[in-house]
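J.: Sequence lines, in order, name chains S and H.
The first sequence begins at 1 in full-length UniProt numbering and counts up by one.
The second sequence begins at 1 in full-length UniProt numbering and counts up by one.
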Amino acid sequence: MSTGNMNLTLKIWRQKNTKAKGGLVDYKLSEISPDMSFLEMFDVLNEQLISKGDEPVVFDHDCREGICGACSMYIDGRPHGPKDGITTCQLHMRSFKDGDTIVVEPWRAKAFPVIKDLTVDRSAFDRVIAAGGFISVNTGNAQDANNLPIPKVQADSAFEAAACIGCGACVATCKNASAMLFVSAKISQLAQLPQGQPERYRRVQSMVAQMDAEGFGNCTNTGACEAECPKGISLENIARMNRDFYSAKFVSEEDI
Amino acid sequence: MAELNAHIPEGELTEKWTKLRSSMPLVNPANKRSIEVIVVGSGLAGASAAATLAEMGYKVKCFCFQDSPRRAHSIAAQGGINAAKNYQNDGDSTYRLFYDTIKGGDYRAREANVHRLAEVSANIIDQCVAQGVPLAREYGGLLDNRSFGGTQVQRTFYAAGQTGQQLLLGAYSALERQIGMGKVEMFTRHEMLEVVVVDGKARGIIARNLLTGELERHSGHAVLLCSGGYGNVFYLSTNAMGSNVTAAWKAHKKGAFFGNPCYTQIHPTCIPVSGDHQSKLTLMSESLRNDGRIWVPKKKDDTRKASEIPEDERDYYLERRYPAFGNLVPRDVASRAAKERCDAGYGVGKSKLAVYLDFKANTERYGRIEANVQNIHNPDKETCMRLGREVIKEKYGNLFDMYAQITGEDPYELPMRIYPAVHYTMGGLWVDYNLMTTVPGLYALGEANFSDHGANRLGASALMQGLADGYFVIPYTIGAYLSKELATKPIPQDHPAFVEAEANAKGIIDKFFAIKGTKTVDHFHKKLGKIMWDKCGMARNAKGLTEAIAEIQELRKEFWSDVRVPGEANEFNPELEKAGRVADFIELGELMCIDALNRNESCGGHFREEYQTEEGEAMRDDENYAYVAAWEFKEGVKFELHKEELKFENIKVAQRSYK
Chain S
1 MSTGNMNLTL
11 KIWRQKNTKA
21 KGGLVDYKLS
31 EISPDMSFLE
41 MFDVLNEQLI
51 SKGDEPVVFD
61 HDCREGICGA
71 CSMYIDGRPH
81 GPKDGITTCQ
91 LHMRSFKDGD
101 TIVVEPWRAK
111 AFPVIKDLTV
121 DRSAFDRVIA
131 AGGFISVNTG
141 NAQDANNLPI
151 PKVQADSAFE
161 AAACIGCGAC
171 VATCKNASAM
181 LFVSAKISQL
191 AQLPQGQPER
201 YRRVQSMVAQ
211 MDAEGFGNCT
221 NTGACEAECP
231 KGISLENIAR
241 MNRDFYSAKF
251 VSEEDI
Chain H
1 MAELNAHIPE
11 GELTEKWTKL
21 RSSMPLVNPA
31 NKRSIEVIVV
41 GSGLAGASAA
51 ATLAEMGYKV
61 KCFCFQDSPR
71 RAHSIAAQGG
81 INAAKNYQND
91 GDSTYRLFYD
101 TIKGGDYRAR
111 EANVHRLAEV
121 SANIIDQCVA
131 QGVPLAREYG
141 GLLDNRSFGG
151 TQVQRTFYAA
161 GQTGQQLLLG
171 AYSALERQIG
181 MGKVEMFTRH
191 EMLEVVVVDG
201 KARGIIARNL
211 LTGELERHSG
221 HAVLLCSGGY
231 GNVFYLSTNA
241 MGSNVTAAWK
251 AHKKGAFFGN
261 PCYTQIHPTC
271 IPVSGDHQSK
281 LTLMSESLRN
291 DGRIWVPKKK
301 DDTRKASEIP
311 EDERDYYLER
321 RYPAFGNLVP
331 RDVASRAAKE
341 RCDAGYGVGK
351 SKLAVYLDFK
361 ANTERYGRIE
371 ANVQNIHNPD
381 KETCMRLGRE
391 VIKEKYGNLF
401 DMYAQITGED
411 PYELPMRIYP
421 AVHYTMGGLW
431 VDYNLMTTVP
441 GLYALGEANF
451 SDHGANRLGA
461 SALMQGLADG
471 YFVIPYTIGA
481 YLSKELATKP
491 IPQDHPAFVE
501 AEANAKGIID
511 KFFAIKGTKT
521 VDHFHKKLGK
531 IMWDKCGMAR
541 NAKGLTEAIA
551 EIQELRKEFW
561 SDVRVPGEAN
571 EFNPELEKAG
581 RVADFIELGE
591 LMCIDALNRN
601 ESCGGHFREE
611 YQTEEGEAMR
621 DDENYAYVAA
631 WEFKEGVKFE
641 LHKEELKFEN
651 IKVAQRSYK
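1. Please go through the same chain and pick out, in chain order, the residues whose beta-carbon is closer than 8 Å to the beta-carbon of H:Ala-480, but skip the five residues on each side of it.
2. So, does the stretch 170-186 of chain H touch the stretch 49-62 of chain H, judging by three or more C-beta pairs under 8 Å?
3. Tell whether a beta-carbon distance below 8 Å holds between H:Arg-341 and H:Val-296.
4. Where in the stretch 218-277 of chain H do unbroken runs of the beta strand (DSSP E), each at least 3 residues long, occur, reported from the N-terminal end onward?
5. So H:Leu-143 contacts chain S; which residues on that side make the cut at Cβ distance below 8 Å?
6. Do the stretch 181-193 of chain S and the stretch 230-240 of chain S make contact, defined as three or more Cβ pairs closer than 8 Å?
7. Using a C-beta to C-beta distance shorter than 7 Å, which residues of chain S count as neighbours of H:Lys-280?
8. If we count the other Cβ atoms within 10 Å of its Cβ and call it buried at 16 or more, is S:Ser-2 buried or exposed?
9. Can you name the residues that DSSP bridges to S:Ser-37?
10. Compare the Cα-Cα distances from S:Ile-165 to each of S:Gly-132, S:Arg-122, S:Gly-196 and S:Cys-174 and report the closest residue.
11. Quick one: measure Cβ to Cβ for H:Leu-528 and H:Ile-594, integer angstroms, because I've assumed they're closer than 8 Å.
12. Helix, strand or coil, according to DSSP, for H:Pro-190 in the structure here?
13. For H:Val-114, count neighbouring C-beta atoms within 10 Å of its own C-beta (all shown protein chains included) and say buried if the count is 16 or more, exposed if not.
14. Name, in chain order, the residues that DSSP records as bridge partners for H:Trp-631.
15. List the residues of chain H whose Cβ lies closer than 7 Å to the Cβ of S:Thr-88, in chain order.
16. Helix, strand or coil: how does DSSP classify H:His-606 here?
17. For H:Ile-179, go through chain S and note every residue whose CB falls closer than 7 Å to its CB, in chain order.
18. Can the beta-carbon of H:Ala-112 be found closer than 8 Å to that of H:Ile-102?
19. For S:Lys-126, go through chain H and note every residue whose CB falls closer than 7 Å to its CB, in chain order.
20. Is DSSP giving H:Arg-389 helix, strand or coil here?
21. Where does the unbroken beta strand (DSSP E) through H:Lys-59 begin, and where does it stop?
22. What's the C-alpha gap between H:Ile-38 and H:Glu-568?
23. Measure the C-alpha to C-alpha separation of H:Asp-199 and H:His-495 and round it to an integer number of angstroms.
24. Is it buried or exposed for H:Glu-394, if we count other Cβ within 10 angstroms and need 16 for buried?
25. If I'm right that H:Met-426 touches S:Arg-64 with Cβ under 8 Å, what's the distance once you round it to whole angstroms?
26. List the DSSP bridge partners of H:Tyr-424.
27. Grab me the residues of H:Gly-220's own chain with a C-beta within less than 6 Å of its C-beta, minus the 5 sequence neighbours each way, in chain order.
28. Among H:His-377, H:Pro-268 and H:Ser-287, which has the Cα closest to the Cα of H:Arg-331?
29. In whole angstroms, give me the CA-to-CA distance for H:Asn-360 and S:Leu-39.
30. Evaluate S:Tyr-246 with the Cβ neighbour count: other Cβ atoms within 10 Å of its Cβ, from every protein chain shown; 16 or more gives buried, anything less gives exposed.
31. Which residue's Cα is closest to the Cα of H:Gly-43: H:Phe-157, H:Leu-445 and H:Ile-508?
32. In whole angstroms, give me the CA-to-CA distance for S:Gly-4 and H:Pro-566.
33. Could you spell out where the beta strand (DSSP E) holding residue 665 of chain H opens and where it closes?
34. Counting contacts by CB-CB distance shorter than 8 Å, is S:Ala-224 in contact with chain H?
35. Going by the DSSP bridge assignment, what does H:Trp-295 pair with across the sheet?
36. H:Ile-179 lies in the alpha helix (DSSP H); which residues open and close that run?
Here it is, written out as C-alpha cells:
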C-alpha cells in the first residue's frame, strides 16, 4: 500500500503495561512516501505487524489535525518531533530523509505513567482543571453577551492562552516534569477576563495545590516548555500565574 | 407499523417552546438527588448536558472513549457558531435563522425543532461568554461576526479557526467543575457496547473499560446518547479516527429508529487526498469562503500553474452559476459544483480532483483598508499584499498553517487546492421534540440525532445544535420523563436484562478473537469506505446503490469470516475497539444505501442523478417524499421503514434557489 521510496529504521518503545519493563525495539520500514503523516507511517507499520501475527504498537491519536491533543510521541528526543509549532499528527515524512533512524518514546513524567507502549495516562491534567479551571456559572444565568465589553487586546491574549490543547508536551520536555505551562495557560486565560475575576485568587491556589499533589515538578525557568509547545503558549503565562499565586496570599480572604 | 409521534406541542410556532417549557412537569431538588442519568459522549452535546443536569441536581455518569472529555471531536470544529443576535444590525432575527435553516436543509427538517433551535441560539452565546470562552471581538470590545454559507446576514460568532475548541473547552470546564464537586462521575477510556432495556425502558448501559477490557454494568433512570455522527463509515472523512456509530447503532438494534441515514454532508473545502496511505481528511473551514474565491481554469486539462493563468481565463464557477450567493452557497451546492467541474475535466493539481480557493483579491482589498487605517496614502500593490497578509493571518492563521503542513505548499503565495470530503451526517437516531428516541428513557443529542438540519446542514450550525440540545433543551424535556420515574428504585444490576446485554457484548468480542482471519480491520474499513464513496457519496443512482447493497452484504460475510484481531480481550487493545466499530459501520452502510435507494428524489446532500433539473440542481418530490424515513432494525440485519410526515405550516415550500 505504500507508494514512496523512503527506507527507515524505527526504534520504538514497547511496554506491555504500566508494571512491565519496557524497552526499545527495532523495526525496518520501506517504501514510505514523503507525503505521509508520521502517524500514517505508524499505520503502515501496524498493518505489517498485524499481518505477521505480531502485536501492533499502541499510541494515542484521534483528530489527526493538531487540535485534540491526543497524540503524544517523543521523537528523536523532542516531543512531537523535529519541527516547531506542530503536533505529532501534523508531522509529515518529508521532514525526514531516506535511511534515517528514528527513535520514538512515550512522554516521560512521574505524573504521566505509561499505560502501554507509547500511551501514557494524562488524567492528572483533568484533575487540575477540576480543581478550579473554570468560572462558576450555572447554565441559564448569563447576561447578554455584549453587556460585557472586553478590550480586543485582552480578549486576544486570553484566547492565545486558551489555545492550549492539553497534550502534555510541556511536561514531557521539562527536565523537572513541571506542568506550569499547562496550568498557567488556563489560569492566565481566566485571569485576563472580567468574568474570571471573582474566583481569580481562589482558582490559582486550588489549581496549584492540585498540580503539586499530582507529582509534577517545579519550574526552573529553562523555557523548554514554550519552545516545544505545539500551540506556542507563552512563558508569560507562568509569570502571570506566579504573580497571582503570591498576590493571593495577600489579597485573598480565603485560605485554600 | 408503529405510529411515530413527534410530540410537537400545540399552538403557534413561536409559542410552542415557551409554553411547553412553562408547563413541563418538574422534579423537585430532593428527588433529583436520587435520580441517575447516564450520558454517553463528552463533546458539545454530552459535556453541556452532563454539566447542566448535574448543576440541576441529578446524579450523572458520563462516558467517553477518549482519555479525556476535552478530546471529543467537537474540538476540531473550526469556523463558528450561529446565533440570531442581530448584533450586526443586518436584519437578522429568530425567524430568519429558522427560515435559513429550513431552506438550507432543503425542506426536510421539522419546523418546530428548528424554530426552537433558533430561539435558544442567542442564549448559547451568552452562556459561553459567561464561562470565559474567548470569542473574537472588535476594537470596541463587543463580539465580532462573520458570514457563512447559505445566509445573507453575518450571524456567525467565532474564535479564530478554533471555535469548536473554545466552545468545547468551555463545556469541558463546566463538566470538570461538576466532576470536582462529585456530582458527575466521569468514565474516560470507556466505550458503550450495549443499551440495557428493562420492561421497555432504557435503564442502563454495558461499557467496556478500554484499559482493562472489563465489561461494566451501569444503571440509570435515563440514558443520553451524545456520541456524534457516523461520517467514518466512508473511512476517509474529516472525523477523528475514533469517531464511530457504535453507541447509536447498538441503540438502534435495541429498538431506537434510525432517521434519514442517507443524509450525508460532503464539505466542499477539504484538502485533497494525496495517496493510498491517507488515513483522514482535513477540513479548511467554510469561513475561508468569506474571503476566498473558488475557480478552475476555463481551458480543459490546463497544466499551467495557477499564477500563470490570467484573470480572464479563470472560471469563477460559483459566482457564475449563483450570482446572489456566489462563493457562499450552501455546502451541498458548492460540493456538487466542484465535482461537476472536475468530472468535466477542469480539475487542477496532480490528481485533477481539486479546484482552487484563492485569497489574492481579498488579501489586496484588506491591505488597502489596513493601509488607510495606518495612514499610508496611495499604497502600491506590494504594500497592500503585505498588509493584507497580516489581516488574513489573524483571521485564518491556524488554517493556513495546517494547509502548509499537510501539502508542503504556502497558501499565502499559492491558491489552496481543495476538494469535497465527507464531513457531517444529518441523519441519526430518530427523536421526538423532546429528543427522546423510540425507546422510552433513551435520548439522542447533537449530531447523534437526526432532528434539525434536514437534508443539508448550514455551516456553523452543528456547534449551535450540540450546545442547544445539551444546555437548553434536554434539561427541560427530560423532566417530563423523569417526573414519572420518582418511584423507580435504583435499577439492580443483576437484573436479567443486564446479564443478557453483557453476555451479548462479550459474545461479540469472543467471536472476533475466534475468527483468526487473515485481513486487518482497516482492510475491511477501507473497502467499505470505497463502496460508500463511489456509490453512496456525492451522487447516487439506483443501479449503483443496488450494487452497493449486494457488495456490502458480501463484505459483511467476508469480515465475519476473515478479520484478524490481534491481542487479547482483557487488555488495552485498540484493534479490538476498531473491529467492533467497523462491524457496526458495515451494517449501517447497508442501511444508508437502502435509505438512499428508497428516496426517489434529490434533496440537500442526497443527490440522486435520476432526479435533477436541466441545470443540474437537486429536484425534490414533495408529494411523495416530504417525510422523515425512520428505520426499524429487524432480526438478521433487515430494516423496516416508518414515516414521519413533515408539515410546513409557517414556511412556503419552494424549489431552493441561490441564484
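From the three backbone atoms N, C-alpha and C, an ideal C-beta is built for every residue, glycine too.
T.: The structure says:
1. Met-24, Pro-25 and Asn-434
2. In short, these stretches touch, since the Cβ pair count reaches three.
3. Pairing H:Arg-341 with H:Val-296 gives a Cβ-Cβ distance under 8 Å.
4. 222-225 and 264-270
5. Ala-145 and Asn-146
6. They touch, by the three-pair rule.
7. For H:Lys-280, the neighbours in chain S by C-beta distance under 7 Å run, in chain order, Arg-64.
8. Bear in mind that the predicted position of S:Ser-2 carries a pLDDT of just 46, short of 50, making it too unreliable to give a figure here.
9. S:His-92
10. S:Arg-122
11. Between H:Ile-594 and H:Leu-528 the Cβ distance is about 15 Å, and since that is not below 8 Å, they are no contact.
12. Reading off the sequence, residue 190 of chain H comes out as His, not Pro. Reduced to three states, the DSSP call for H:His-190 is strand.
13. buried
14. H:Phe-258 and H:Leu-641
15. In chain order: nothing, as chain H lies at least about 12 Å away.
16. strand
17. Ala-130
18. Note that the C-beta distance between H:Ala-112 and H:Ile-102 is not below 8 Å.
19. In the sequence under discussion, the amino acid at residue 126 of chain S is Asp, which differs from the Lys named in the question. Result: Ser-68 and Glu-176.
20. helix
21. 59-63
22. 28 Å
23. Distance between the alpha carbons of H:Asp-199 and H:His-495 is about 11 Å.
24. Under this definition H:Glu-394 is an exposed residue.
25. No, H:Met-426 and S:Arg-64 are not in contact; Cβ-Cβ is about 23 Å, not under 8 Å.
26. H:Gln-265
27. Glu-36, Val-37, Ile-38 and Gly-204
28. H:Pro-268
29. Here residue 360 of chain H is Lys; the residue named in the question, Asn, does not match the sequence. When rounded, the distance between both Cα atoms is 33 Å.
30. Exposed, since its Cβ has fewer than 16 Cβ neighbours within 10 Å.
31. H:Leu-445
32. 27 Å
33. Only positions 1 to 659 of chain H appear in this structure, which leaves residue 665 of chain H out of reach.
34. no
35. H:Tyr-356
36. That run of the alpha helix (DSSP H) goes 163-180.
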